[in-house]
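Undergrad: First the structure, which I've put down as structure tokens, then a few questions once you've had a look.
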Amino acid sequence: MMQIKPWDFMVKYTPQREWIEGHGIMVAFAMFFGGISGGLYLSSLYFHSLLGMFIAWLLAMAAGVTDMAHLSKPMRFWRMISKPGSSWISRGFILIWLFLGAAMIQLAISQWAPGNAWETVFKVMAGILAFGVAIYSGFVVGFVGAIKIWNSGLVPILYVISGLTAGLAVVILVSLNATNLVTIADYLLAGLVVYAIFVAVYFWVATYESATARDSAVRVLRGPIAPVFWLGVVLLGVVIPIAMVAPFSLSQQVSSAGFAVAGACTIIGGVALRYVILKAGMYTPLLPDE
Amino acid sequence: MRWGMAIELKRCIGCYACVLACKAEHFLPPGIFWNRVLIGEKGKYPAVTKLIYSVRCNHCADPKCVKACPTGATHQREDGIVVVDEDKCVGCRYCMVACPYQARSFYEDGHGGQHEYFPGQGLTEHEKMGKVLYPHQPGVVQKCVFCKERIDAGMAQGLKPGIDRDASPACMNICPTKAIHFGDLDDPYSDINRLIKEKKGHPFHAEFDTQPSIFYID
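In structure tokens form, the structure reads like this:
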């Protein structure tokens, strides 16, 4: 926990605490579950994995549950529907519930009446909503102009890409005996490369944005958050998965063990990314500069 | 009508009276501050300047907190005062995260609602009185309300906020150097508007793009 002396509050760079310390860690998990849920549903749609779609539905429920676990007045959760005109949390709340409904109907049709025209309708609806579920938490974070490293157009894109790669990782984990495993691995490899590029660009650009964003980026790359970033986001989230997948994907061979390790590590990396971004949030000091 | 403040930095001596007056007026629990005094330094020896800023919620004209709030608990009155409806707040703290001035506080739920200032010694008479006169709901966000109760009650009696003490914020009343001024920013002839124009008051961190209602005068 980063300590800041009371007299330095908003006099020096002040870390964001509400959404990372104590109960606030639930926000990181809620954002992760939302992202992986949307990404997994879209990936499962593409690879026709009904099991993946069902897991995506469960993960969307987990996103809602962890969001509620963060609230200090959870029984008032229904009020969060009130401000979709301006609040991204309100929009996300509505998106999650609509996705849960549409996906549940789609899953039921796919299970008991496959091939029905309504199946396609609900797949399209749920797919669009899944994208919304994956991206909305990026907008929740990006809306906060007060935290410079968050206030970037790259954050929603990064969250979607992270959600898609984590979703592909789950698809791989549930498809270890499937015939199209190498194809899924190909997509995961491509996703990981794109994800790695966006992570690098995001933190690199942050060093140019403002002094506060630069301070946040330095804390991530070299400061107290560096261990979680380099071990969680980079090593577990990018390097190991690419190392496990690339040799087999590029040679079109199957390695269930390698792909399973890659899948698990990618998921852990996704959690680490949300944690790092929330932890890196710093407020600009209120006293004038020199 | 848009209530606002002008704070003369050269008059402020950093006595923290405004912080304490606010705490007493609203019977704030331990650890909760609606007003703060930020003290820092600018420059290098020998040309060092001490900076003392009395800060609170800026009741911005374009408040990010109101937009962020998913339940509508945080809302803005017609007179510009941003308030939190404690019965609607779910405690998501998005408003706290969104505020660039970090003007809000979260009242932790715990201690059975007791939150004694002197742990183990029970509530003081002042605290007991506070539980009746100004109860705070644990588990929600709270912040400066420009002493809206004093303003509303004073105006009902025909008093003028910013001029009559009984209708003015507690922090303004207590300030020993009269550094804090309060009034209607929409009235071009109000004392506060003339002060801001004559002494070139500037909004607090205009780059945050929230149009704060508190101006600082160097």
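From first to last, the protein sequence lines are chains A and B. The first sequence runs 907 to 1196 under this note's numbering. The second sequence runs 380 to 597 under this note's numbering. Heads up, the beta-carbon is just placed ideally off N, CA and C, and yes, glycines get one too.
Assuming V462/B and K402/B make a contact with CB atoms under 8 Å, what is their CB distance in whole Å?
TA: That pair is no contact at about 18 Å.
Undergrad: Using the C-alpha atoms, what's the distance from A934/A back to M907/A?
TA: Because M907/A sits at a pLDDT of 46, beneath the cut-off of 50, its placement in the model cannot be relied upon, and the following sentence gives the value as read from the coordinates. Their Cα atoms are separated by approximately 15 Å.
Undergrad: Closer than 8 Å to a non-hydrogen atom of the ligand FMN - does that hold for the CB of S943/A?
TA: In the structure on display, the ligand FMN does not appear, and there are no ligands present to speak of.
Undergrad: Run down chain A in chain order and give the residues with a C-beta less than 8 Å from the C-beta of R472/B.
TA: E924, W925, G930
Undergrad: Keeping to the same chain, check which residues put their C-beta closer than 6 Å to that of K389/B; ignore five residues upstream and five downstream.
TA: none
Undergrad: Who are the Cβ neighbours of A1009/A in its own chain at under 6 Å, not counting the five residues just before and after it?
TA: W963, A1032
Undergrad: What three-state label does DSSP hand M380/B in the structure shown?
TA: coil
Undergrad: Rounded to whole angstroms, what is the Cα-Cα separation between K579/B and I559/B?
TA: 15 Å
Undergrad: By alpha-carbon positions, which one of E1025/A, G930/A, P921/A ends up nearest to H954/A?
TA: E1025/A
Undergrad: Which ranges does the beta strand (DSSP E) cover as unbroken runs of at least 3 residues, wholly within the stretch 474-538 of chain B, from first to last along the chain?
TA: none
Undergrad: Kindly confirm or deny that the stretch 1101-1118 of chain A and the stretch 1050-1058 of chain A touch, where touching means at least three C-beta pairs closer than 8 Å.
TA: Because the criterion of three Cβ pairs below 8 Å is met, the stretch 1101-1118 of chain A and the stretch 1050-1058 of chain A touch.
Undergrad: Which residues in chain A sit within 7 Å of Q481/B, going by Cβ to Cβ distance?
TA: M916, T920, Y1189
Undergrad: Taking only beta-carbon positions, decide if I995/A is within less than 9 Å of chain B.
TA: yes
Undergrad: Out of I1174/A, A1149/A, G1176/A, which has the shortest C-alpha to C-alpha gap to A1163/A?
TA: A1149/A
Undergrad: At least one CB of chain A closer than 9 Å to the CB of F583/B: is that the case?
TA: yes
Undergrad: Among I1011/A, I1183/A, C1171/A, which one has its Cα closest to the Cα of F1135/A?
TA: I1183/A
Undergrad: Hey, out of H405/B, C391/B, M380/B, I431/B, whose CA is closest to H515/B's CA?
TA: H405/B
Undergrad: Kindly identify the DSSP beta-bridge partner or partners of E353/B.
TA: There is simply no residue 353/B to check, as chain B begins at 380 and stops at 597 in what is shown.
Undergrad: Among the candidates V1076/A, S978/A, Y952/A, whose CA atom is the shortest distance from the CA of V1030/A?
TA: Y952/A
Undergrad: If you draw a straight line from the alpha carbon of A532/B to that of I460/B, how long is it in whole angstroms?
TA: 15 Å
Undergrad: Can you look up Q1012/A in the DSSP assignment and give me helix, strand or coil?
TA: helix
Undergrad: For M475/B, return the contacting residues in chain A, with the cut-off set at a CB-CB distance below 7 Å.
TA: Near M475/B (Cβ distances below 7 Å), the residues of chain A are E924.
Undergrad: Quick one: Cα of A936/A to Cα of G970/A, how far?
TA: 7 Å
Undergrad: Return the residue from the list A1152/A, N1086/A, K911/A, V1099/A that minimises the CA-CA distance to L1064/A.
TA: V1099/A
Undergrad: Check whether chain B comes within 9 Å of M907/A, counting only Cβ atoms and requiring the distance to be less than that.
TA: Its pLDDT being 46, under 50, M907/A is placed unreliably by the model, and nothing is read from it.
Undergrad: Quick one: list the residues of chain B neighbouring L977/A, beta-carbon separation under 7 Å, in chain order.
TA: V469, G470, C471
Undergrad: Any idea what DSSP makes of M907/A, helix, strand or coil?
TA: Note that M907/A has pLDDT 46, beneath the 50 cutoff, so the model's placement of it is unreliable and no number is given.
Undergrad: What do you reckon, are the CB atoms on C471/B and I995/A nearer than 9 Å?
TA: Between C471/B and I995/A, the C-beta spacing is below 9 Å.
Undergrad: Strictly below 8 Å CB to CB, what residues from chain B border W913/A?
TA: I418
Undergrad: Can you list the alpha helix (DSSP H) stretches of 4 or more residues lying completely in the stretch 1102-1127 of chain A, in chain order?
TA: Runs found: 1117-1127.
Undergrad: Skipping 5 residues on each side, what residues in its chain have a beta carbon closer than 8 Å to that of I926/A?
TA: V933, A934, Y1181, L1184, K1185, G1187
Undergrad: Residues of chain B with CB under 9 Å from G1051/A, in chain order?
TA: K443, A477, P479, F587, D588, T589
Undergrad: Can you grab the Cα-Cα spacing for the pair I386/B / R985/A, in whole Å?
TA: 37 Å
Undergrad: Within 9 Å (strictly less), CB to CB, does F983/A reach chain B?
TA: Taking 9 Å as the threshold, the shortest C-beta distance from F983/A to chain B falls below it.
Undergrad: What residues match up with R390/B in a beta bridge as DSSP calls it?
TA: Beta-bridge pairing links R390/B to no other residue.
Undergrad: Starting from the N-terminal side, write out each stretch of the beta strand (DSSP E) that is 3 residues or longer and does not extend beyond the stretch 405-464 of chain B.
TA: 415-423, 426-434, 453-455, 461-463
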